[in-house]
Amino acid sequence: MGTAEPQVAAETSQLTDGFQLVIDALKLNGLDTVYALPGIPITDLTRRAQAEGLRVLSFRHEQNAGYAASIAGFLTQKPGICLTVSAPGFLNGLNALAHATTNCFPMILISGSSEREIVDLQQGDYEELDQLAIAKPLAKAAYRVLHAEDIGIGVARAIRAAVSGRPGGVYLDLPAKLFAQSIDAEAARKTLIKVVDPAPKQIPASDAVRRALDLLKAAKRPLIILGKGAAYAQADADIRTLVEKTGIPYLPMSMAKGLLPDTHEQCASAARSFVLPGADVVMLIGARLNWLLSHGKGKTWGGKGHKDWGGQKFIQVDISPQEADSNVRIDAPVVGDIGSCVSAFLNEMKTGWAKPPAEWLSAIQEKKKGNIAKMAETLAKDPSPMNFHSALNVVRDIVKANPDAILVNEGANALDFTRSIVDMYKPRKRIDVGTWGIMGIGMGYCVAAAVATKQQVIAIEGDSAFGFSGMEVETICRYDLPVCIVVMNNNGVYKGTDVNPRGGDVAPTVFVKGARYDKIAEAFGGVGMHATTPAQLRKAMEEAIRSRKPTLINAVIDETAGTESGRITSLNPTAGKKK
Ligand SMILES: Cc1ncc(C[n+]2csc(CCOP(=O)(O)OP(=O)(O)O)c2C)c(N)n1
Ligand SMILES: [Mg+2]
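The following block contains the structure:
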């Protein structure tokens with residue numbers, strides 16, 4: 002720690018430095034965990050942060066550290082901190098920063114950077130890159146700190162930008178020279194800022210609340226859609242009360258599953274393709290009308306053509322006023338934080354609320370019953386080889402028995418089938434590929450979920466999806482985290498049966514057949530298991546959860562079982578032509 006030593010033997014004043022001030026600023030704001038990958042110029046920052054009592058989780062690739070930080074932000078409402086080296090490390094982290102911004106997760110990517118004047122004159126410094134300019138379009142905000150006395154302000158601004166209003170990814174550029182700057186410790190202490198009320202409540206206007214409730218009250222076929230913004234808000238009890246008090250059927254978006262248990266009688270997931278076109282008034286709570294909801298129009302919503310409006314009226318409850326009218330007309334925008342909006346609805350509704358018309362509710366129940374029975378029939382089958390359904394039937398039981406476990410999920414078929422088969426029972430227990438359908442979030446999410454919540458983590462991974470972050474199994478083993486990874490091994494992307502018509506190389510979607518992913522865990526002292534039947538999978542998962550040891554189960558799935566692109570085949574022009 003030579004850099005911290007005062008150069009001039011000052012008898013009275015003590016000196017501190019940039020390294021120390023970054024650490025002090027984070028600690029002062031309760032940011033006690035850093036997802037990092039060391040190297041020039043931040044190696045000492047990771048060491049000293051650890052010595053100062055911060056938890057420093059060191060990764061094998063910055064992208065995974067970044068995904069970890071992003072989901073830590075979602076789970077805790079505090080910005081997740083990712084720390085990287087300059088240029089290539091920064092670029093590796095950037096993907097996660099963009100992901101955080103897209104998904105509205107609070108995250109701060111802190112990257113060291115090279116000598117400003119050399120970078121700006123493009124004189125060819127070590128890892129030279131104008132990082133701030135590159136980060137800007139992908140971040141909610143981006144700042145650079147040049148002087149030690151500005152570190153307090155820089156960190157404070159980054160925190161506020163990440164968590165206030167609509168959360169997002171923030172970039173903080175810290176040039177190498179900043180870390181070594183010496184500054185009087187007492188004066189420096191006064192420059193630090195403990196951010197007061199970083200995410201102030203945003204109370205909705207009362208006329209907007211009334212307008213929304215009037216519309217909802219008049220509805221004959223109302224529907225509530227809960228998005229991950231509703232899950233983020235941690236207003237779980239009020240959201241449940243709102244849904245139950247209105248008696249309105251609801252659909253949870255993927256990461257809102259479990260806000261109310263998926264087995265709730267008002268849950269309309271099993272009748273999704275009936276309620277979307279059938280509803281006349283839809284209340285969106287923290288859910289955007291993006292591609293995941295077919296932009297609020299088209300055939301999914303009962304429109305004639307793919308861009309036609311289905312006739313629904315929309316109430317949109319969102320923290321961002323710009324969200325309304327993004328795709329279709331919003332008849333009743335309610336702008337505010339989800340917690341404040343939902344509690345305003347409850348206050349305004351005090352005087353009784355009539356349940357929706359019985360016809361609507363019974364039609365939904367009817368559809369649900371049919372689809373659930375059909376699914377039960379499929380799940381009861383025990384084909385050989387094991388397929389997605391028979392394997393996920395096991396996962397479904399395990400999650401039911403362990404409702405506090407966090408489920409990480411990525412893949413195509415491995416994602417879509419898990420989402421629809423595995424019920425969630427508690428809020429913020431399902432974390433997945435998010436708005437972009439990103440492959441690669443898996444192991445980073447596992448690390449952060451285990452570290453931030455201390456709960457058991459279960460990851461259901463397509464074999465392709467797992468490959469994006471598979472080396473972080475070493476990280477999981479190194480920190481001895483309670484993570485049970487199940488690789489749904491169907492020998493490839495979507496399935497393992499494609500053939501190169503010309504011979505020679507295997508088809509682009511096919512991997513080494515019969516790969517033993519379980520050996521990866523064994524290589525690092527974790528537990529590796531190989532499961533070819535549901536019974537073996539069940540035993541392996543139960544043992545993993547009982548022991549809380551890092552475990553990787555290679556679940557062999559019928560290589561013919563998947564569908565190209567999973568549920569989004571319609572977005573795949575090649576697949577469209579084939580049929
Ligand atoms: C970063 C990124 N690269 C590529 C893709 C395209 N993609 C979508 S799903 C998928 C993998 C699907 O295979 P797998 O994970 O094995 O799931 P399966 O359908 O076989 O269960 C890929 C590569 C993506 N979504 N994200
Ligand atoms: Mg696969």
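Sequential numbering from 2 applies to the sequence shown in the numbering used here.
Cβ coordinates follow ideal geometry from the N, Cα and C atoms, glycine included.
Since this is a predicted model, take the numbers as computed values, not measurements.
Query, Result
"Through-space distance from residue 318 to residue 284, alpha-carbon basis", "7 Å"
"Distance, residue 260 Cα to residue 519 Cα", "33 Å"
"Three or more C-beta pairs below 8 Å linking the region 198 to 212 and the region 146 to 165", "yes"
"First through last residue of the beta strand (DSSP E) which encompasses residue 410", "407 to 411"
"Three-state secondary structure assigned by DSSP to residue 35", "strand"
"Beta-carbon separation (whole angstroms), residue 66 vs residue 34, contact threshold 8 Å", "Not really, about 11 Å apart at Cβ, beyond 8 Å."
"Any non-hydrogen atom of ligand 2 within 7 Å of residue 297 CB", "no"
"Counted within 10 angstroms of its Cβ, other Cβ atoms place residue 409 as buried (16 or more) or exposed", "buried"
"Option in 106, 84, 374, 482 with minimal Cα separation from residue 256", "106"
"Contact check, residue 60 vs residue 37, beta carbons under 8 Å", "yes"
"Any heavy atom of ligand 1 nearer than 6 Å to the CB - residues listed", "412, 413, 414, 415, 438, 439, 440, 441, 463, 464, 465, 466, 489, 491, 494, 495, 563, 567"
"Paired residues, beta bridge with residue 531 - DSSP", "555"
"For residue 370, the nearest candidate out of 266, 327, 355, 350 (CA to CA)", "266"
"Supposed contact pair residue 510 and residue 493 - C-beta distance, whole angstroms, cut 8 Å", "5 Å"
"Cβ pair residue 86, residue 40 closer than 8 Å", "yes"
"CA-to-CA distance, residue 435 to residue 427, given in whole angstroms", "18 Å"
"DSSP-derived helix/strand/coil call for residue 136", "helix"
"Residues near residue 531 by beta carbon distance below 6 Å, same chain, minus five either side", "519, 555"
"Spatial neighbours of residue 137 in its chain, beta-carbon cut-off 6 Å, leaving aside the 5 residues before and after", "143"
"Nearest to residue 390 (by Cα), restricted to the options 523, 538, 441, 25", "538"
"Contact the region 326 to 345 vs the region 454 to 474: 3+ CB pairs below 8 Å", "no"
"Inter-residue Cα distance where the pair is residue 527 and residue 416", "25 Å"
"Inter-residue Cα distance where the pair is residue 337 and residue 529", "47 Å"
"Inter-residue Cα distance where the pair is residue 287 and residue 91", "31 Å"
"Complete runs of the alpha helix (DSSP H) confined to the region 377 to 424 [at least 4 residues]", "389 to 402, 414 to 422"
"Residues bridged to residue 490 [DSSP beta-bridge criterion]", "557"
"Contact check, residue 98 vs residue 139, beta carbons under 8 Å", "yes"
"Which listed residue (244, 502, 512, 235) has its alpha carbon closest to that of residue 226", "244"
"DSSP state of residue 40 mapped onto helix, strand, coil", "coil"
"Span of the beta strand (DSSP E), counted from its first residue to its last, around residue 145", "142 to 145"
"Beta bridge counterpart(s) of residue 335 as assigned by DSSP", "318"
"For residue 16, three-class secondary structure by DSSP", "strand"
"Simplified DSSP assignment, three categories, for residue 253", "strand"
"Residue environment, residue 585, which counts as buried when at least 16 other CB atoms sit within 10 Å", "The requested residue 585 does not occur in the structure, where the chain is confined to residues 2 to 580."
"Check whether residue 552 and residue 545 have beta carbons under 8 Å apart", "yes"
"Contacting residues, own chain, Cβ-Cβ under 7 Å from residue 388 (five flanking each side not counted)", "558, 559, 562"
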